[in-house]
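Novice: The listed protein sequences derive, respectively, from chains S and Z. Per the numbering used here, the first sequence starts with residue 1, numbered consecutively. Per the numbering used here, the second sequence starts with residue 114, numbered consecutively. Let me begin by handing over the structure; questions about it come next.
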Amino acid sequence: DTGVSQDPRHKITKRGQNVTFRCDPISEHNRLYWYRQTLGQGPEFLTYFQNEAQLEKSRLLSDRFSAERPKGSFSTLEIQRTEQGDSAMYLCASSTQGRETQYFGPGTRLLVL
Amino acid sequence: AQSVTQLDSQVPVFEEAPVELRCNYSSSVSVYLFWYVQYPNQGLQLLLKYLSGSTLVKGINGFEAEFNKSQTSFHLRKPSVHISDTAEYFCAVSETNQGGKLIFGQGTELSVKP
Numbered sequence: 001d002t003g004v005s006q007d008p009r010h011k012i013t014k015r016g017q018n019v020t021f022r023c024d025p026i027s028e029h030n031r032l033y034w035y036r037q038t039l040g041q042g043p044e045f046l047t048y049f050q051n052e053a054q055l056e057k058s059r060l061l062s063d064r065f066s067a068e069r070p071k072g073s074f075s076t077l078e079i080q081r082t083e084q085g086d087s088a089m090y091l092c093a094s095s096t097q098g099r100e101t102q103y104f105g106p107g108t109r110l111l112v113l
Numbered sequence: 114a115q116s117v118t119q120l121d122s123q124v125p126v127f128e129e130a131p132v133e134l135r136c137n138y139s140s141s142v143s144v145y146l147f148w149y150v151q152y153p154n155q156g157l158q159l160l161l162k163y164l165s166g167s168t169l170v171k172g173i174n175g176f177e178a179e180f181n182k183s184q185t186s187f188h189l190r191k192p193s194v195h196i197s198d199t200a201e202y203f204c205a206v207s208e209t210n211q212g213g214k215l216i217f218g219q220g221t222e223l224s225v226k227p
């Protein structure tokens with residue numbers, strides 16, 4: 001069990017640029033979740049996958065955000081035309097359907113200048 | 114809609130003193146309950162969870178929590194804290210049979226002083 005990994009750990013970008021984050025879940029986990037955490041707040045749910053199917057998206061996930069999990073393993077979260085308000089920690093978590101515990105990665109901290 | 118309220122944003126306490134971090138939730142359906150801890154610049158680590166059964170649950174690092182359905186609370190306690198317990202603590206809920214998405218409270222910053 002190598003845990004959930006996320007890449008990159010830090011990203012600084014200029015407003016208007018596109019960024020992509022990657023999450024590698026625990027290998028046998030079929031559910032994968034994305035959350036966003038702004039400073040001083042708890043994480044907020046963005047979206048989740050069961051295998052390769054994206055089953056739920058939060059209203060927080062604007063049209064500029066897209067997530068994929070093409071082979072039911074790793075996932076990517078892309079933000080197009082970044083805005084300063086997108087600056088946050090993006091957390092990925094994974095779990096097994098029927099077992100409720102989610103295991104979190106270390107997060108990707110995004111700063112939009 | 115679900116919501117989670119952590120009643121204290123900051124809790125300062127002296128080393129070896131007891132501590133209670135309070136969490137209340139609202140939901141119209143059955144829920145699972147969790148406490149996570151977050152150290153600076155790290156992800157979240159599960160402390161403990163309540164899924165069913167005994168309402169008193171024990172977790173890692175000497176923490177425990179009690180589920181009170183009538184008061185919709187899930188307060189976290191530790192009888193004697195250590196400096197290394199200094200961190201941010203998050204209470205979270207998920208609705209049963211709803212895909213497992215977690216709704217988090219805003220967090221409680223526990224600061225343990227020598």
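Backbone N, C-alpha and C fix where the C-beta goes; we use that ideal spot for every residue, glycine too. No experiment lies behind these values; they were computed from the predicted model shown.
1. Are residue 68 of chain S and residue 75 of chain S close, meaning C-beta to C-beta below 8 Å?
2. Is residue 248 of chain Z helix, strand or coil by DSSP?
3. What's the C-alpha gap between residue 209 of chain Z and residue 144 of chain Z?
4. Entirely within the segment 42 to 101 of chain S and at least 3 residues each: give me those beta strand (DSSP E) ranges in chain order.
5. Measure from the C-beta of residue 106 of chain S to each C-beta in chain Z and report whether the shortest distance is under 8 Å.
6. Report yes or no: do the segment 196 to 215 of chain Z and the segment 139 to 159 of chain Z share at least 3 C-beta pairs separated by less than 8 Å?
7. Measure from the alpha carbon of residue 77 of chain S to the alpha carbon of each residue in S/91, S/84, S/85, then state which is nearest.
8. Kindly indicate the opening and closing residues of the beta strand (DSSP E) around residue 130 of chain Z.
9. Quick one: what does DSSP say residue 197 of chain Z is sitting in, helix, strand or coil?
10. What residue does the beta strand (DSSP E) around residue 27 of chain S start on, and which one ends it?
11. If you check the beta carbons only, do residue 95 of chain S and residue 10 of chain S fall under 8 Å apart?
12. Going along chain Z in order, which residues have a C-beta closer than 9 Å to the C-beta of residue 95 of chain S?
13. Is residue 137 of chain Z helix, strand or coil when you go by DSSP?
14. Rounded to the nearest angstrom, what separates residue 7 of chain S and residue 183 of chain Z at their Cα positions?
15. Would residue 207 of chain Z count as contacting chain S if we go by Cβ distances under 8 Å?
Specialist: So, from the listed chains and residues:
1. Residue numbering aside, residue 68 of chain S sits at position 68 when the first sequence is read from its first letter. Residue numbering aside, residue 75 of chain S sits at position 75 when the first sequence is read from its first letter. Yes; because the gap between Cβ atoms is below 8 Å, this pair is in contact.
2. Outside the shown range of chain Z, which is 114 to 227, sits residue 248 of chain Z, and nothing can be said about it.
3. For the purposes of this step, residue 209 of chain Z is taken as the residue at position 96 of the second sequence. For the purposes of this step, residue 144 of chain Z is taken as the residue at position 31 of the second sequence. Rounded to the nearest angstrom, the gap between the Cα atoms of residue 209 of chain Z and residue 144 of chain Z is 5 Å.
4. When DSSP assignments are scanned along the segment 42 to 101 of chain S, the uninterrupted stretches of beta strand (DSSP E) that are 3 or more residues long and fall wholly within it turn out to be 44 to 50, 53 to 57, 65 to 68, 75 to 79, 88 to 96.
5. Counting from 1 along the first sequence, the entry for residue 106 of chain S is found at position 106. True, the Cβ-Cβ gap to chain Z drops below 8 Å.
6. Touching, yes.
7. As a first step, residue 77 of chain S must be located in the first sequence, where it is residue number 77. The option with the nearest alpha carbon to residue 77 of chain S is S/91.
8. Within the second sequence, the letter at position 17 stands for residue 130 of chain Z. No beta strand (DSSP E) contains residue 130 of chain Z, which DSSP labels as neither H nor E.
9. Start at 1 with the first residue of the second sequence, and residue 197 of chain Z comes out as number 84. In the three-state scheme derived from DSSP, where H, G and I count as helix and E and B as strand, residue 197 of chain Z is classed as helix.
10. One-based indexing of the first sequence puts residue 27 of chain S at position 27. Where residue 27 of chain S is concerned, there is no enclosing beta strand (DSSP E), given that its DSSP letter is neither H nor E.
11. Here residue 95 of chain S refers to the residue found at position 95 of the first sequence. Here residue 10 of chain S refers to the residue found at position 10 of the first sequence. No, the Cβ-Cβ distance between residue 95 of chain S and residue 10 of chain S is not below 8 Å.
12. Position 95 of the first sequence, counting from 1, holds the residue named residue 95 of chain S. Within chain Z, the residues near residue 95 of chain S are 213.
13. Position 24 of the second sequence holds residue 137 of chain Z. In this structure, residue 137 of chain Z counts as strand in the three-state DSSP scheme.
14. Here residue 7 of chain S is taken as the residue at index 7 of the first sequence, counted from 1. Here residue 183 of chain Z is taken as the residue at index 70 of the second sequence, counted from 1. If I take the Cα positions, the gap works out to 43 Å.
15. Here residue 207 of chain Z corresponds to residue number 94 of the second sequence, with the count starting at 1. So yes, residue 207 of chain Z belongs to the interface.
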